[in-house]
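Okay, so the sequence shown: first residue is 1307 according to the working numbering, each after it adds one.
First comes the structure, then the notes that go with it.
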Amino acid sequence: MTSLDTNVILAAFDPQDASHQAALTLLDRVGAGGVVLCPVVYAELAASQAWEALKTFLQRTEAEVLWEMPQAVWERAGSAMGAYARMRRHGALPRRIAADFLIGAHAEHHGLRLATLDPVIYRTVFEGVPLLRP
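This is the structure:
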């Protein structure tokens, strides 16, 4: 099963996005069925002004939300966020928000591969999560 990062969905949805074609290619590689979303991705998408159209897009991709996020997911996200912050102080890693760590911890906890257009954070602190990228 494959979890979709928010950036893949938003880029695939918006033909004006610079990563639009890469996102569509990635979705083609994922294929139909077996596509899930982290609840955090769902919330990020719901914040969009295009939410109603995005819901229709998600239905077409047959993506389902995997709502389960037990305490272990939240703790892993916190420890990964702390580890990333320490590495960031000693290098040129980009800033990240808590949502990114929750998405990675959710994929790791459920044994999912993660489709993303921005693999830096996941390669850095979620080494065990298989990544699917363009």
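Glycine is no exception: its CB is placed at the ideal position from the N, C-alpha and C atoms.
query                                                                                                    : result
Candidates M1307, L1437, L1438, of which the one nearest A1371 by Cα                                     : It should be pointed out that residue 1371 corresponds to Val in this sequence rather than to Ala. Among M1307, L1437, L1438, the Cα nearest to that of V1371 is on M1307.
Sufficient close CB pairs (3 or more, under 8 Å) joining the segment 1316-1334 to the segment 1390-1397  : no
Inter-stretch contact at 8 Å, needing at least 3 Cβ pairs: the segment 1343-1358 / the segment 1395-1413 : yes
Coarse secondary structure for R1395, derived from DSSP in three states                                  : helix
Three-state secondary structure (DSSP) of L1330                                                          : helix
Minimum C-alpha distance to Q1365 - residue among A1398, I1315, Q1327, G1384                             : I1315
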